[in-house]
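Novice: Let me begin by handing over the structure; questions about it come next.
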Amino acid sequence: MKELERAIGEITEIAKGFGLDFYPMRYEICPADVIYTFGAYGMPTRFSHWSFGKTFHKMKLEYDLNLSRIYELVINSNPCYAFLLKGNSLIQNKLIVAHVLAHCDFFKNNARFANTSRDMVESMAASAGRIRQYELQYGKDRVESFLDDVLAIQEHIDPSLKRPRLQPQQEGEREAKKRKIATPYDDLWALDEQPIDSGSGTPKKKIPQEPEKDLLLFIMEQSRILEDWQQDILTVLREEMLYFWPQLETKIMNEGWASYWHIRILRELELSEEETLEFAKLNASVIQPSKTSINPYYLGLKLFEDIERRWDQPTAEEQKHLGRTPGKGREKMFEVREMEMDTSFIRNYLTKQLVEDLDLYVFQRTGNEWTVTDKDWKEVRDRLIAGRVNGGNPYIVVENGDYMNNGELYLKHRYEGLELDLKYIEKTLPHVHHLWGRSVHIESVIENKPVLFTYNGRKCTRRFL
1 MKELERAIGE ITEIAKGFGL DFYPMRYEIC PADVIYTFGA YGMPTRFSHW
51 SFGKTFHKMK LEYDLNLSRI YELVINSNPC YAFLLKGNSL IQNKLIVAHV
101 LAHCDFFKNN ARFANTSRDM VESMAASAGR IRQYELQYGK DRVESFLDDV
151 LAIQEHIDPS LKRPRLQPQQ EGEREAKKRK IATPYDDLWA LDEQPIDSGS
201 GTPKKKIPQE PEKDLLLFIM EQSRILEDWQ QDILTVLREE MLYFWPQLET
251 KIMNEGWASY WHIRILRELE LSEEETLEFA KLNASVIQPS KTSINPYYLG
301 LKLFEDIERR WDQPTAEEQK HLGRTPGKGR EKMFEVREME MDTSFIRNYL
351 TKQLVEDLDL YVFQRTGNEW TVTDKDWKEV RDRLIAGRVN GGNPYIVVEN
401 GDYMNNGELY LKHRYEGLEL DLKYIEKTLP HVHHLWGRSV HIESVIENKP
451 VLFTYNGRKC TRRFL
């Protein structure tokens, strides 16, 4: 422990010397059960749900069978918490400390993390306590069923750095929705209170007036069936998803940045021969490229190294036409770390030469065989970007919250070449129906034809438009 404490102090000083700027760090050494519990829940303090246990079982089984291993977890907070796996060797912990310092620098300085809560650990603990109280008050099965509904669509939020609130409802509509609905027919009493449209007045405003990406917020504000405790849980899960969202948008950048700096920092340490060999093996396993998928550590590292090289040694043409000054590689890297996210990072800095050097390609399955379908660098770049748009989730917006003038919910999938999973649609629409209380529709494209899926509370149907 004393050697680790000395190493942490030395590594921290080296990192500061390189210009990394991070929050105060708190390190804890935890056994595998604790590390994998944190990994499954996403945080040390969070509400209980069966899906987290399922994730824990899978991750822990892979660890027990020596198929995968989590060496550390780092939390975006102030102070920043890093949990190290008990049993790590000293050199493994040295690499991990350097790695998490770079992660913390990224959390603190990247623009996508600017609006995230830095005390989310405490907030999640308080939220978990409230949800436990709801389980005691309303029943565990009922609360867990509601959590199932919200978690099924939790990715459909609007993570924009700045965005306006939804259009306010008319006063009559707001008051009507405040009334507790005791029976399915209670909302009919409100018809007597609404002015009759003679046809000469202004048309009824569409809700929402513009397509709304934040499905959770729309349901939270517009659903007629949610009770106060359900709205509170919706608010909690939406805030937690907003906290996690920047990590989905910057996975390649974040891991590439941490990998770049753990290599540079450990080069500054006086390692023994045994430590050098162990570090080389561990680092190679971390950044090893995959034949069938993208390793974010590897791709991010190579992109940052390429940026450093190109801005340190610009060509004569780049100096003349782009005004680049030699020796500005590190300065440019810190600028990229602050301003970009994965989609812009790949679009702006993945070059033809780098695609060729890394041997990147597009492939697909034909019958029982996998075949390379394209090696054009622009196609490779565009496919990588497409997989990172919206955190890799389908882009779905609310088109109408009063479809057919019957309070039904009409969603639309912004189709861009990738079809929705049909089984996933049929499993997810009932969850949305539980939250909305009326029929739910979603428009998408299947086999290049527009199609409308509908769930009316009993069955899911589809029809081509």
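Under UniProt numbering, think of the first position of the sequence shown as 1, with each following residue one higher. Built from N, CA and C at the ideal position, the CB exists for glycine as well. Predicted, not measured: the structure shown is a model, and the values here were computed from it.
#1: Compare the beta carbon distance of residue 408 and residue 439 with 8 Å and say whether it is the shorter of the two.
#2: Hey, residue 341 and residue 112: beta-carbon distance below 8 Å or not?
#3: Using CA coordinates, which residue listed in 276, 268 and 295 is at the minimum distance from residue 15?
#4: Would you mind working out which of 62, 53, 102 and 92 sits nearest residue 74, comparing C-alpha positions?
#5: Tell me which residue opens and which closes the alpha helix (DSSP H) that residue 467 is part of.
#6: Have a look at 349, 271 and 216 and flag the residue whose alpha-carbon is nearest the alpha-carbon of residue 230.
#7: Just to confirm, is the Cβ distance from residue 374 to residue 362 under 8 Å?
#8: Which class does residue 390 belong to by DSSP, given the choice of helix, strand or coil?
#9: Return the CA-CA distance between residue 310 and residue 364, expressed in angstroms with no decimal places.
#10: The beta strand (DSSP E) with residue 466 in it runs from where to where?
#11: Near residue 449, which residues of its chain fall below 6 Å by C-beta distance, leaving aside the five closest residues on each side in sequence?
#12: Below 8 Å, how does it come out for the region 248-266 and the region 294-305: are there three or more Cβ pairs, yes or no?
#13: Tell me residue 27's beta-bridge partners as DSSP assigns them.
#14: When you compare each of 457, 421, 432 and 6 to residue 226 by their alpha carbons, which one comes out closest?
#15: Identify, in the order they occur along the chain, each residue of the same chain with its Cβ nearer than 8 Å to the Cβ of residue 233, setting aside the five sequence neighbours on each side.
#16: Using CA atoms only, rank isn't needed, just tell me which of 121, 59, 322 and 427 is closest to residue 82.
#17: If contact is defined by three or more beta carbon pairs under 8 Å, each pair taking one atom from either stretch, is the region 27-36 in contact with the region 278-288?
#18: Look at the Cβ atom of residue 396, then the Cβ atom of residue 378, and state whether they are nearer than 8 Å.
#19: Is DSSP giving residue 429 helix, strand or coil here?
#20: Mind pulling the alpha helix (DSSP H) runs of 4 or more residues that sit fully within the UniProt domain "SpoVR-like C-terminal" (394-445)?
#21: Alpha carbons only, please: which of 63, 80, 58 and 228 is nearest the one belonging to residue 138?
#22: Note the first and the last residue of the continuous alpha helix (DSSP H) segment covering residue 13.
#23: Does the Cβ of residue 77 have 16 or more other Cβ atoms within 10 Å, making it buried, or fewer, making it exposed?
#24: Using 10 angstroms around the beta-carbon of residue 360, count the other beta-carbons present and answer buried if the total reaches 16, otherwise exposed.
#25: Let me check you understand the geometry: is the CB of residue 462 closer than 7 Å to at least one non-hydrogen atom of the ligand NAP?
#26: I'd like the list of long-range same chain contacts for residue 213, defined as Cβ closer than 6 Å, with 5 residues on each side in sequence excluded.
#27: Which class does residue 347 belong to by DSSP, given the choice of helix, strand or coil?
#28: Rank 126, 420 and 6 by C-alpha distance to the C-alpha of residue 239 and give the top, closest one.
#29: Answer yes or no: does any C-beta atom of chain B fall closer than 8 Å to that of residue 248?
#30: Please list the terminal residues of the continuous beta strand (DSSP E) segment that includes residue 369.
#31: Which class does residue 218 belong to by DSSP, given the choice of helix, strand or coil?
#32: Does the beta-carbon of residue 141 have 16 or more other beta-carbons within 10 angstroms, so that it is buried, or is it exposed?
#33: Taking C-alpha atoms, which residue in 153, 241 and 208 lies nearest to residue 46?
#34: Cα separation between residue 337 and residue 455?
#35: Helix or strand or just coil, what does DSSP make of residue 200?
#36: Between 219, 339 and 37, which lies nearest to residue 237 when the distance is taken from Cα to Cα?
Specialist: The answer reads as follows:
#1: For residue 408 and residue 439, yes; Cβs fall inside 8 Å.
#2: Between residue 341 and residue 112, the gap from beta carbon to beta carbon is short of 8 Å.
#3: Looking at 276, 268 and 295, the one whose alpha-carbon comes closest to that of residue 15 is 268.
#4: With distances taken between Cα atoms, residue 74 lies closest to 102.
#5: Not covered by the structure: residue 467. The range shown for the chain is 1 to 465.
#6: Selected option, being the one with the closest Cα: 216.
#7: With contacts defined by Cβ atoms closer than 8 Å, residue 374 and residue 362 form a contacting pair.
#8: Reduced to three states, the DSSP call for residue 390 is helix.
#9: Each residue's Cα considered, the two are about 33 Å apart.
#10: Residue 466 falls outside the range modelled here, since the chain spans only 1 to 465, and no answer is possible.
#11: Within the same chain, residue 449 has close Cβ partners 464.
#12: Short answer: they touch.
#13: Partner(s): 82.
#14: Scanning 457, 421, 432 and 6 for the CA closest to the CA of residue 226 turns up 432.
#15: Contacts found: 131, 134, 143, 146, 147 and 150.
#16: Comparing Cα positions, the closest option is 121.
#17: Touching, no.
#18: No, Cβ-Cβ distance for residue 396 and residue 378 is not below 8 Å.
#19: Here DSSP, grouped into helix, strand and coil, assigns residue 429 to helix.
#20: Taken in chain order, the complete alpha helix (DSSP H) segments of 4 residues or longer contained in the UniProt domain "SpoVR-like C-terminal" (394-445) are 422-436.
#21: In terms of Cα proximity to residue 138, the closest of 63, 80, 58 and 228 is 228.
#22: Unbroken alpha helix (DSSP H) run through residue 13: 2-17.
#23: The C-beta of residue 77 has 16 or more other C-beta atoms within 10 Å across all chains shown, which makes the residue buried.
#24: By the 10 Å Cβ count, residue 360 comes out buried.
#25: Ligands in the displayed structure: none, and consequently the ligand NAP is not present.
#26: Answer for residue 213: 158 and 397, listed in chain order.
#27: Residue 347 falls in the helix class under three-state DSSP.
#28: Comparing C-alpha distances from residue 239 to each of 126, 420 and 6 shows the shortest one belongs to 126.
#29: Considering every chain present, this structure includes no chain B. It has just one protein chain.
#30: From DSSP, the beta strand (DSSP E) with residue 369 extends over 369-374.
#31: Correct three-state label for residue 218: helix.
#32: Exposed is the label assigned to residue 141, since fewer than 16 other Cβ atoms lie within 10 Å of its Cβ.
#33: Nearest neighbour of residue 46 by Cα position, chosen from 153, 241 and 208, turns out to be 241.
#34: Near 44 Å, if we compare the C-alpha coordinates of residue 455 and residue 337.
#35: The predicted model places residue 200 with a pLDDT of 49, which falls under 50 and marks its position as unreliable, so this point remains unresolved.
#36: The shortest C-alpha separation from residue 237 is found at 219.
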